[in-house]
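Here the structure is laid out as structure tokens; the discussion comes afterwards.
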Amino acid sequence: MMQQFLTLDWTRHLVILPVLLPLLCGALLAPLTQGRHRLKFAAAYISVLALLANALALAWLADGSWPGGVQVYLAANWSAPFGIALVADRLSAMMLVLTALLGLAALHYAQPRWSRIGVHFHSLFQFLLMGINGAFLTNDLFNLFVFFEVMLAASYGLVLHGYNVARLRASMQYIAVNLVASLLFLIGVAMIYAVTGTLNMADLAGRLPNLASADAGLLKAGVAVLALAFLAKSAMWPLGFWLPTTYAAASPPVAVMLALMTKVGAYVVLRIWLMVFSDSAGELSRYGYDALLWGGMATIVFGAAGMLATDTAGRMAGYAAIISSGTLLSVIGYGQPLLVTAGLYYYLASTLAIAAFVLLIELFDRIRTPGAAMLALTMEAFAVEDAPAEPKGRGVPAAMAFLSLAFLACALIIAGLPPLSGFVAKFGMFHALINPGPDVAPIGAAGWTLMALVFGSGLIAIVSLMRFGVRTFWASEALAPPALHASEALPVAGLLLASVLMTVQAQPLFAYLARASADIHRPALYIDAVRSAPSVPGPTSAKEAP
């Protein structure tokens, strides 16, 4: 076994580390008692830093060193489609970098308070990272189910972390919805295997062009059932009713990871539909694209309406995530490479902004008393006017200045207003729709509708967020500078700094995402790399030697 390990190029082993590192770290932390807070935090923090370094290395290798930008790791040394194949390419490496960044921010924020409430917070957090990373890397539908269940099982414990009545009620709904989705996942996988005889996604894509017409109906039914599971996890309307309640009830570091978990379903839809149901899939070419397009646009409408109707910050963040998910699903269903490039940029920008916003929510609650919040709502409802007072010239405390500027940055990104990354993302999507490039059909009614919805949802988002900001910072004088710990401010600042860097370095990032989009729209290299990946030869005995 050691000889087989050493026979591989060392860079291949980087592909399995995003699964192996959190698995080992979580297992080692599980036996530690409640009092070992510093030791558990240090071990978990080192693990997440190593994941970030590993993800950056994978992105660099996929973009320049690996043939075709793809690296296949046969975990059990069995060739596809029988073995467990983990595959790293530009798209999955980008997802791993995003996961590590959000994991680092959530873990840093949880250190002074939230990680000390439960004994097994750090173990569950590591297992959650393992499941998410595995979902991004796996090339097999059954192993995707396994990683999803690892991710969900850890999230069940984390959603209940620091439980109260509201959190307990929301977690029961969250668990019930995901158990039903997991059942649909298994049924869909079983139907697909019954028709095609494989669950390896690359092998499935290679077999579809030769699929008998008599089997196409059963395969479509299996894919539709499987899609229901993914779309429930992606909060597509009407399957996303559970999300705002869960976001509002979860603790801030857990809500950060929920913002990413919602996008895992959208990633899987992107990966499967653009690879398996590509233009070369024969009779099943572009199957389900229209449903994704129009369902995604309905999700945008639902999220915008919910965001306008709510005045609770947690639910507002949940509806913002629904708008983001609906936009991504619409982009996938539209099926245009340039639009997918801008959609991937939007994927990154919106996830970072929503994650920063959910961390700010707890800090907002510290600056106002419940009585002041009720007074602000009453004054708005009854149009009570205050007589203007003379300015007192009091300086703005540093914590208040930080919270107000951080909130403004989150609002601009979520709404897609200049000059930050949200505006760059939406401008890129509009440009791709209006100028689709050669050999692509010009924009039609669906494209104009998508543009209108993306623009309109941005206006609604800025109205809702600014209304919340006015109530929080200006509607009452009963404000006090909050006690703000550095470990709570740094994650928010880091996520917003990443958004600023995305804006400043938009050109090289768009170029990377364009190469990733080209890869998933021309999946032949990916499919060939998986199907032809050789197993490592075993050791030769002395008797067999010539």
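Residue numbering for the sequence shown is 6 to 551, as defined by this note's numbering. Glycine included, each C-beta is placed from N, C-alpha and C at the ideal position.
Outcome for residue i when other beta-carbon atoms lying within 10 angstroms are tallied against a minimum of 16
i    : result
L382 : Annotation note: pLDDT 43 at L382 (below 50); position unreliable, coordinate value reported separately. By the neighbour-count rule (16 or more Cβ atoms within 10 Å), L382 is not buried but exposed.
D524 : buried
G442 : exposed
L455 : buried
E288 : exposed
M177 : exposed
A47  : exposed
S270 : The residue asked about is misnamed: residue 270 is Gly in this sequence, not Ser. G270 comes out buried.
G461 : exposed
L425 : buried
P23  : buried
I439 : exposed
D220 : exposed
W71  : buried
W479 : exposed
A344 : Ala is not the amino acid found at residue 344; the sequence shown has Leu there. Counting Cβ neighbours within 10 Å, L344 comes out buried, since at least 16 surround it.
L188 : exposed
P496 : buried
L184 : exposed
G421 : buried
V170 : exposed
P513 : exposed
Cβ-based neighbour list, residue i, same chain, cut-off 7 Å, excluding 5 preceding and 5 following
i    : result
A264 : A326, T356, I359, A360, V363
V389 : Caution applies to V389, whose pLDDT of 41 falls short of 50 and renders its modelled position unreliable; the model cannot decide the point.
M250 : Checking the displayed sequence, the identity of residue 250 turns out to be Thr instead of Met. Cβ neighbours of T250 beyond the five flanking positions: A175, Q178.
V259 : L163, V164, H166
C30  : A48, A49, S52, Q131
D533 : none
R536 : A85, A207, D208, G211
Spatial neighbours of residue i in its chain, beta-carbon cut-off 6 Å, leaving aside the 5 residues before and after
i    : result
L224 : V200
K45  : L34, L37, H127
A392 : Low confidence applies here, because A392 scores a pLDDT of 39, under 50, leaving its location unreliable and the question unanswered by this model.
V281 : L209, A210
A237 : A186, L244
R276 : none
Beta-carbon proximity list for residue i, same chain, < 8 Å, skipping 5 on both sides
i    : result
E433 : The amino acid at residue 433 is misidentified as Glu; the sequence shows Gly. Excluding positions up to five away in sequence, the list reads T346, A347, Y350, Y351, F515.
A286 : A210, L213, P214, Y292
A226 : M196
S84  : A538, P539, S540
H42  : S120, R121
L530 : G73, G74, V75, D524
R320 : P249, T250, Y252, A253, G311
H526 : L279, S283, P342, V345
Proximity to residue i [Cα-Cα], best of the options
i    : options                : result
F126 : S256, Q510, F153, F307 : S256
V182 : L233, I137, T203       : L233
F412 : A318, A430, V170       : A318
W242 : A414, L334, Y252       : L334
G202 : F87, G452, Q512        : F87
G160 : G427, F141, M262, L408 : According to the sequence displayed, residue 160 carries Ser and not Gly. Nearest C-alpha to S160: M262.
I467 : L353, I328, I439       : I328
T508 : L518, A498, L495, A354 : A354
N138 : H113, R118, G108, Q116 : G108
T104 : G69, L54, A81, Y114    : L54
A491 : F407, P528, F435, L502 : F407
R17  : A253, N82, G340, S290  : N82
A519 : L368, P342, S187       : P342
S504 : F153, A253, L368, A414 : A414
G340 : V274, F152, I21        : V274
E367 : I448, L489, F235       : L489
S330 : H436, A457, A240, F190 : A240
A20  : L91, L28, D68          : Here residue 20 turns out to be Val, not Ala, going by the sequence shown. It is L91.
M553 : V228, G222, A404       : Nothing can be reported for residue 553, as the shown portion of the chain is limited to 6 through 551.
T267 : L298, L231, Y324       : Y324
A322 : A110, V230, W299, I418 : I418
G308 : M156, R472, P513, V459 : V459
Inter-residue CB distance, residue i and residue j (contact presumed, cutoff 8 Å)
i    : j    : result
L26  : L56  : 6 Å
Y294 : G338 : 5 Å
A5   : V77  : Limits of the chain in this structure are 6 at one end and 551 at the other, which puts residue 5 out of reach.
F141 : V194 : The pair is not a contact, with the Cβ atoms about 18 Å apart (cut-off 8 Å).
N148 : I89  : 6 Å
D145 : L204 : 5 Å
G474 : A416 : 7 Å
Residue i beta carbon near the ligand ZN (any heavy atom closer than 8 Å)
i    : result
A255 : Looking at this structure, you won't find the ligand ZN or any other ligand, since it has none at all.
Exercise. Tell me, please, whether the stretch 47–60 touches the stretch 96–104 by the rule of three or more beta-carbon pairs shorter than 8 Å.
Key: yes
Quiz item: Any contact of the stretch 86–95 with the stretch 123–138, i.e. 3+ C-beta pairs under 8 Å?
Solution: No, because fewer than three Cβ pairs between the stretch 86–95 and the stretch 123–138 fall closer than 8 Å, the two stretches do not touch.
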